[in-house]
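Student: Sharing a structure, written as structure tokens. Questions coming.
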Amino acid sequence: MAINIQAIRGMHDLLPDRIGLWQRLEDETRRVLESYGYSEIRTPLVEVTDLFKRSIGEVTDIVEKEMYSFPDSNGDSLSLRPEGTASCVRAAIEHGLLDQPRRLWYRGPMFRHERPQKGRYRQFHQIGVEVFGLEGPDIDQEVLFLTQRIWRTLGLEGLRLEVNSLGEAEERSAYRVELVAYLEAHHAHLDDDSRRRLLTNPLRVLDAKNPELREVIAGAPVLLDHLGEASKRHFEAFCAGLDDAGIPYQINPRLVRGLDYYNRTVFEWITDDLGAQGTVCAGGRYDGLVAQLGGRPTAAVGFAMGLERLVALLENGKANGLLSPPPLDAYLVAVGAAAQAAAPGLAELLRDAIPDLRLQCHCGGGSFKSQFKKADRSGARFALVLGEEELKRGILGVKPLRGDGEQRDLSHEELESFLLAARQDGP
Ligand code: HAM
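Count along the sequence shown from 1, add 3, and you get the number used in the working numbering.
Structure follows, in structure tokens:
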């Protein structure tokens with residue numbers, strides 16, 4: 004029987020024709036993050052399951068039904084990370100990084116067993132930021148300015164910013180009592196999921212996607228009305244900072260987020276161009292999490308952006324011309340056994356001499372004609388031709404592959420100067 008093994012549903016290969024876009028997104032974002040003084044951190048893809056249960060929350064969609072968990076051979080339950088915040092906090096505690104304010108960023112795949120659809124995958128990629136040890140609204144503003152600058156750098160327009168404050172745990176408890184009373188009074192209008200949430204995690208009812216609940220949710224009491232003085236001042240100062248910076252935003256009192264660790268400021272950047280999965284970046288403050296995971300109490304704030312969604316937006320915006328991978332400068336064609344043996348070494352010498360050179364060396368032999376066809380298809384600007392004759396004379400043939408132009412014979416030194424000049428005035 005023929006074997007037909009395919010990628011797992013919701014997990015995608017990223018092929019060379021689209022990789023340029025990803026790389027530009029990643030490079031530009033990294034540049035902005037570094038320009039704000041953020042340092043990269045890399046954590047394992049797998050952690051003990053408890054880490055996510057204790058941070059994201061037992062009664063969240065992610066922990067209840069979306070984690071890829073499995074027993075290790077010693078019986079420990081491990082999980083593929085569904086997000087990056089919990090791992091960052093664990094690492095920061097474990098390595099004593101919390102003795103001073105830290106601005107960290109990370110990038111990589113995350114895993115959630117969700118129902119795949121456009122913009123929602125089982126393996127997806129995030130670039131995220133976590134800041135530790137700063138409690139004022141100024142850092143909440145900074146992370147937002149940072150995201151805004153990333154959109155500007157990428158040429159992304161039309162993203163909406165929604166913000167809210169979830170207050171502190173005690174403020175939420177008082178609010179929860181009122182919310183539960185309200186939802187119980189409207190029990191008949193709730194769906195099964197919301198009835199269950201009412202008992203386990205009532206704030207999440209506000210996040211229900213069922214349109215039939217819209218009216219009930221719209222009439223529910225509002226958490227913002229239950230904030231204490233300090234939370235209120237924090238939120239007002241945060242919003243005033245956005246006003247001063249001219250960043251338009253909407254206060255959405257129903258914005259509760261799907262992870263339990265948040266307090267005070269939460270925010271989402273949303274696009275209307277991607278259908279249902281329109282949140283491209285989301286985050287907020289989580290001042291209690293470090294202590295909850297065994298560290299000393301440390302204020303924290305962060306966000307993560309979904310790279311698949313940003314790539315989809317960039318593609319919608321026809322950014323492709325800019326974003327295709329840069330073409331090769333040259334493709335080295337080598338015909339005959341001796342030339343084939345010499346070609347890789349020669350290619351190394353050229354790369355040593357011209358560090359930015361984009362050179363591909365033909366491998367696998369073949370006739371001059373078939374190699375030349377590959378050179379042409381590679382998109383390179385020049386074919387470099389090495390045959391027995393060229394080898395003997397210490398030269399290479401250089402033939403322009405784009406537009407007209409005769410083949411010329413150049414010595415190795417001449418070739419270096421030629422390619423250097425081509426590099427400088429080329430794409
Ligand atoms: P999150 O809202 O779960 O937050 O995810 C952040 C972003 O990741 C989403 O806005 C979305 O763009 C993308 N995303 C999430 N799930 C998927 C999926 N299944 N397929 C494609 N993209 C997805 C967090 O992960 C928090 N750790 C953010 C954070 C960092 N808060 C504080 N610090």
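Ideal Cβ placement from N, Cα and C applies to all residues, glycine included. Nothing here was measured: the structure is a model prediction, and the numbers come from that model.
1. Evaluate contact between the segment 144-155 and the segment 170-186, counting only Cβ atoms and requiring at least three cross-stretch pairs below 8 Å.
2. Assign N323 to buried or exposed, taking buried as 16 or more other Cβ atoms, counted over all protein chains shown, within 10 Å of its Cβ.
3. Compute every distance between the C-beta of Y124 and the non-hydrogen atoms of the ligand HAM, then say whether any falls below 8 Å.
4. Are V269 and G287 closer than 9 Å when you measure CB to CB?
5. Decide if the segment 39-56 is in contact with the segment 86-96; the criterion is three or more beta carbon pairs, one per stretch, under 8 Å apart.
6. Given 8 Å as the limit, is there contact between the segment 136-153 and the segment 301-320, that is, 3 or more CB pairs closer than that?
7. So what's P403 in DSSP terms, helix, strand or just coil?
8. Looking at the ligand NAP, does it come within less than 8 Å of Q129, judged from the CB to the closest heavy atom?
9. If we count Cβ pairs, one from each stretch, closer than 8 Å, do we get three or more for the segment 343-353 versus the segment 364-377?
10. Would L202 be called buried (16 or more neighbouring beta carbons within 10 Å of its own) or exposed?
11. Taking the straight line between their C-alpha atoms, what separation do you get for A188 and P205?
12. How many whole angstroms separate the CB atoms of I250 and Q151, which I take to be in contact at a CB cut-off of 8 Å?
13. Following a CB-centred definition, is E318 positioned closer than 8 Å to any heavy atom of the ligand HAM?
14. May I have the straight-line CA-CA distance separating D53 from Y71, to the nearest angstrom?
15. Is A302 a contact residue of the ligand HAM, with contact defined as CB to any heavy atom under 8 Å?
16. By a C-beta neighbour count over all protein chains shown, 10 Å radius and 16 as the cutoff for buried, is I357 buried or exposed?
17. Leaving out five residues before and five after A172 in sequence, what residues of the same chain have Cβ atoms less than 8 Å from its Cβ?
18. Does any residue of chain C have a CB that is nearer than 9 Å to the CB of Y334?
19. In chain order, what residues of the same chain have a beta carbon less than 8 Å from the beta carbon of L186, not counting five sequence neighbours either side?
20. When DSSP labels each residue in this structure, what does N323 get in the three-state scheme?
21. Mind listing, in chain order, the continuous beta strand (DSSP E) runs of no fewer than 3 residues lying wholly within the segment 332-397?
22. Assuming V146 is part of the alpha helix (DSSP H), what are its boundary residues?
23. Helix, strand or coil, according to DSSP, for S414 in the structure here?
24. Could you tell me if N213 is buried or exposed, where buried requires 16 or more neighbouring beta carbons within 10 angstroms of its beta carbon?
25. How many Å lie between G382 and G99 at the Cα?
26. Here's the rule: buried if 16 or more other CB atoms are within 10 angstroms of the residue's CB, otherwise exposed. What is I22?
27. Please check the pair V401 and Q374, which I expect to be a contact at CB under 8 Å, by giving their CB distance rounded to whole angstroms.
28. Under a three-way DSSP split, which group does I22 fall into?
29. So what does DSSP say about A211, is it helix, strand or coil?
30. With distances taken between CB atoms, is the gap from G278 to L159 smaller than 9 Å?
31. Whose C-beta lies closer than 7 Å to the C-beta of L413 among residues of the same chain, with five residues either side of it excluded?
32. Rounding to the nearest angstrom, what Cα-Cα distance links G122 and V388 in this structure?
33. Do G111 and G87 have their beta-carbon atoms positioned less than 9 Å apart in this structure?
34. Check whether the Cβ of I153 lies closer than 8 Å to any heavy atom of the ligand HAM, and answer yes or no.
Tutor: So, from the listed chains and residues:
1. no
2. The predicted position of N323 is uncertain, since its pLDDT is 49 and thus under 50; a value taken from the coordinates is nonetheless stated next. By the 10 Å Cβ count, N323 comes out exposed.
3. yes
4. yes
5. Counting Cβ pairs under 8 Å, three or more are found: they touch.
6. yes
7. It is a strand residue.
8. Inclusion of the ligand NAP in the displayed structure is not the case, the ligand content consisting of the ligand HAM alone.
9. yes
10. exposed
11. 14 Å
12. Contact between I250 and Q151 holds, with the beta-carbon distance rounding to 6 Å and staying under 8 Å.
13. no
14. 13 Å
15. no
16. Burial of I357 is indicated by the presence of at least 16 other C-beta atoms within 10 angstroms of its C-beta.
17. N266, G291
18. In the structure shown, chain C cannot be found, because there is only a single protein chain.
19. Cβ contact annotation for L186 (same chain, cutoff 8 Å, sequence separation greater than five): L193, S197, L201, P205, V208, V219, A223, in chain order.
20. Unreliable positioning characterises N323 in this predicted model, as indicated by a pLDDT of 49, which lies under 50. A coordinate reading is not provided.
21. 333-337, 362-364, 385-389
22. 140-157
23. strand
24. So N213 counts as exposed.
25. 49 Å
26. exposed
27. Wrong, their Cβ atoms sit about 15 Å apart, outside the cutoff.
28. helix
29. coil
30. Contact: no.
31. I398, L399, V401, F421
32. 46 Å
33. Yes, Cβ-Cβ distance for G87 and G111 is below 9 Å.
34. no
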